[in-house]
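Okay, so here's the structure we're looking at.
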Ligand code: ATP
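Shown next, in the form of structure tokens:
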């Protein structure tokens with residue numbers, strides 16, 4: 022927990038593949054921003070876990086790492102897992118998913134947003150208005166029994182999907198509260214859309230029924246529902262119309278990559294996994310083994326995840342300096358993306374990971390020192 026009024030303990034999982042390459046410059050950026058603004062600092066505790074750790078020790082996520090993550094003020098996690106390192110049943114190790122279960126992180130928050138002026142794969146000029154949040158339930162759904170799937174001989178395999186009232190109620194309340202905060206910030210009515218497959222599966226009809234029940238407690242927010250297949254199409258055809266989408270674990274896993282696609286790259290997609298007592302912040306992307314070790318991975322999703330962490334800590338600890346730091350980092354990333362300044366290959370640039378991150382640090386310093394700073398980060 023916070024050791025004094027302004028030192029935050031951050032549990033850090035450096036991860037596998039490109040994980041350590043994007044984590045190091047992100048920690049440098051956080052320290053730099055803290056030094057620049059003052060009023061807060063960080064103690065980073067690096068914890069072992071991941072595919073490489075598993076291949077060396079036989080353990081993917083040691084209990085001591087879980088305990089330290091639980092005790093920290095927040096957790097910053099890079100990507101984990103490698104296709105070349107698998108368990109005897111053929112699946113990859115997934116400590117990042119296991120941690121969501123251990124810490125009860127039911128709400129996976131994945132913002133899908135385009136900075137004004139940013140180029141995207143969508144040619145429609147309204148793409149500049151894309152600003153919605155996908156909330157992926159992260160502790161049940163099709164992942165609830167993910168280590169218990171059955172293969173019967175060579176003729177059949179089964180997996181189980183579980184939806185509970187307890188988690189669904191928390192999830193939907195979280196979605197409606199987020200829509201309420203966004204409505205206040207954006208000065209327009211909020212809307213939550215439940216994304217499911219209630220026309221075919223009873224479990225999803227149950228999910229939707231609970232959603233509609235909880236909606237009654239938030240009369241100021243519009244509530245509607247959509248089938249996941251139609252939503253996949255609408256996310257491409259008219260994504261600027263959505264505000265908050267809330268969905269089951271597997272659907273959220275898939276739709277969040279689609280969201281990253283409409284932003285232009287997974288390298289710009291941050292996320293937060295939030296529970297009642299803990300929160301983990303990590304990029305939506307994986308370990309990208311195809312580009313690992315080359316120093317060319319995009320660090321911006323990791324940096325934006327760190328900004329989400331500061332925003333969450335600011336609310337948890339009523340610390341306005343952290344909120345200011347979060348807005349500053351976000352503004353600096355936005356400025357560089359729009360200006361195409363020092364971007365990595367996935368965004369059409371030629372910069373290295375480190376140069377891209379250093380350019381964000383330079384933009385933070387420039388913005389913090391400019392007279393119009395408060396306007397730019399407001
Ligand atoms: P997971 O299942 O763990 O999410 P994945 O197998 O879906 O992982 P990723 O590791 O996310 O895949 O990579 C998908 C593609 O996106 C790869 O071509 C990878 O190089 C690219 N990619 C992912 N993250 C980045 C990044 N930060 N910068 C540049 N390219 C990235």
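In my numbering, the protein residues as written are 22 to 399. Backbone N, C-alpha and C fix where the C-beta goes; we use that ideal spot for every residue, glycine too. No experiment lies behind these values; they were computed from the predicted model shown.
For residue 291 and residue 241, what's the separation of their Cα atoms in angstroms? As a working note, residue 291 is residue 270 in the chain shown. As a working note, residue 241 is residue 220 in the chain shown. Approximately 28 Å between the Cα atoms of the pair.
Answer yes or no: the CB of residue 245 versus the heavy atoms of the ligand ATP, is any distance below 7 Å? Sequence index remark: in the chain shown, residue 245 carries index 224 (1-based). Answer for residue 245: no, Cβ out of range of the ligand ATP.
Which of the three DSSP states, helix, strand or coil, is assigned to residue 371? Taking the chain shown and counting its residues from 1, the one referred to as residue 371 is at position 350. In the structure shown, residue 371 sits in coil (DSSP, three-state: anything other than H, G, I, E or B).
What's the C-alpha gap between residue 24 and residue 43? As a position in the chain shown, residue 24 is number 3, starting the count at 1. As a position in the chain shown, residue 43 is number 22, starting the count at 1. Here the model assigns residue 24 a pLDDT of 45, short of 50, so the residue's position is not dependable, and the following value carries that caveat. Distance between the alpha carbons of residue 24 and residue 43: 27 Å.
Alpha carbon of residue 22 to alpha carbon of residue 343, nearest angstrom: Taking the chain shown and counting its residues from 1, one reaches residue 22 at position 1. Taking the chain shown and counting its residues from 1, one reaches residue 343 at position 322. With a pLDDT of only 48 at residue 22, under 50, the local geometry of the prediction cannot be trusted, and no value is derived from it.
Nearest candidate by alpha-carbon position, reference residue 31, set 205, 272, 266, 68: Walking along the chain shown from the start, residue 31 turns up at place 10. With distances taken between Cα atoms, residue 31 lies closest to 68.
Buried versus exposed call for residue 178 [16 or more other C-beta atoms within 10 Å across all chains shown]: Here the question's residue 178 lines up with position 157 in the chain shown. With fewer than 16 other Cβ atoms within 10 Å, it is exposed.
Just how far apart, CA to CA, sit residue 399 and residue 273? Walking along the chain shown from the start, residue 399 turns up at place 378. Walking along the chain shown from the start, residue 273 turns up at place 252. Its pLDDT being 45, under 50, residue 399 is placed unreliably by the model, and the measurement read from it follows with that caveat. Approximately 30 Å between the Cα atoms of the pair.
Residue 292 - partner residues in DSSP beta bridges: Here residue 292 is taken as the residue at index 271 of the chain shown, counted from 1. Partner(s): 303.
Would you mind listing the beta strand (DSSP E) stretches within the stretch 69 to 119 that are 3+ residues and don't spill past its ends, in chain order? 95 to 98
My understanding is that residue 166 touches residue 180, with C-beta atoms under 8 Å, so please give their C-beta distance in whole angstroms. For the purposes of this step, residue 166 is identified with residue 145 of the chain shown, where counting begins at 1. For the purposes of this step, residue 180 is identified with residue 159 of the chain shown, where counting begins at 1. That pair is a contact at about 7 Å.
Using CA coordinates, which residue listed in 83, 38, 55, 372 is at the minimum distance from residue 120? For this step, residue 120 is matched to residue 99 along the chain shown. Nearest option by C-alpha distance: 83.
Should residue 112 be counted as a contact of the ligand ATP given a C-beta to heavy atom distance under 7 Å? The sequence position of residue 112 within the chain shown is 91, counting from 1. Not under cutoff, so the answer is no.
What are the boundary residues of the beta strand (DSSP E) that residue 158 is part of? For this step, residue 158 is matched to residue 137 along the chain shown. Element bounds for residue 158: 152 to 158.
Three-state secondary structure (DSSP) at residue 243? By one-based count along the chain shown, residue 243 stands at place 222. The answer is strand: DSSP assigns residue 243 an E or B state.
Extent of the continuous alpha helix (DSSP H) run through residue 400: Since the displayed the chain opens at 22 and closes at 399, residue 400 lies outside it and no answer follows.
Hey, would you say residue 70 sits closer than 8 Å to residue 41, going by beta carbons? Taking the first residue of the chain shown as 1, we reach residue 70 at position 49. Taking the first residue of the chain shown as 1, we reach residue 41 at position 20. No, these two residues do not count as a Cβ contact at 8 Å.
Run the CB neighbour count on residue 147, radius 10 Å, all protein chains shown included, and call it buried at 16 or more, exposed below. Locating residue 147 in the chain shown gives position 126, where the first residue counts as 1. Its Cβ having fewer than 16 others within 10 Å, residue 147 is exposed.
Residue 104, buried or exposed, once every other Cβ within 10 Å from all chains shown has been counted against 16: By 1-based counting over the chain shown, the position of residue 104 is 83. Its Cβ having fewer than 16 others within 10 Å, residue 104 is exposed.
Go ahead and label residue 186 buried or exposed: buried means 16 or more other beta carbons lie within 10 angstroms of its beta carbon, across all protein chains shown. For the purposes of this step, residue 186 is taken as the residue at position 165 of the chain shown. With fewer than 16 other Cβ atoms within 10 Å, it is exposed.
How do the stretch 253 to 268 and the stretch 167 to 175 stand: do at least 3 beta-carbon pairs fall below 8 Å, yes or no? no
Using a Cβ-Cβ cutoff of less than 7 Å, which residues in the same chain neighbour residue 135 once the five nearest sequence positions on both sides are dropped? Here the question's residue 135 lines up with position 114 in the chain shown. Answer for residue 135: 141, 148, 149, 151, 284, listed in chain order.
Who are the Cβ neighbours of residue 366 in its own chain at under 7 Å, not counting the five residues just before and after it? Sequence index remark: in the chain shown, residue 366 carries index 345 (1-based). Taken in chain order, the residues that qualify are 317.
beta-carbon residue 367 near the ligand ATP non-hydrogen atom, thresh 7 Å: Here residue 367 is taken as the residue at index 346 of the chain shown, counted from 1. Yes.
With H, G and I counted as helix, E and B as strand and the rest as coil, what does DSSP make of residue 162? Translated into positions along the chain shown, residue 162 becomes position 141. Strand at residue 162.
Touch test, the stretch 346 to 358 against the stretch 71 to 78, Cβ-Cβ under 8 Å, three pairs minimum: no
From the DSSP output, in three-state form, read off residue 326 for me. Along the chain shown, read from residue 1 onward, the residue named residue 326 stands at position 305. Helix.
Residue 295 vs residue 130 beta-carbon contact at 8 Å: Residue 295 sits at position 274 when you count from the first residue of the chain shown. Residue 130 sits at position 109 when you count from the first residue of the chain shown. A contact, by the Cβ cut-off of 8 Å.
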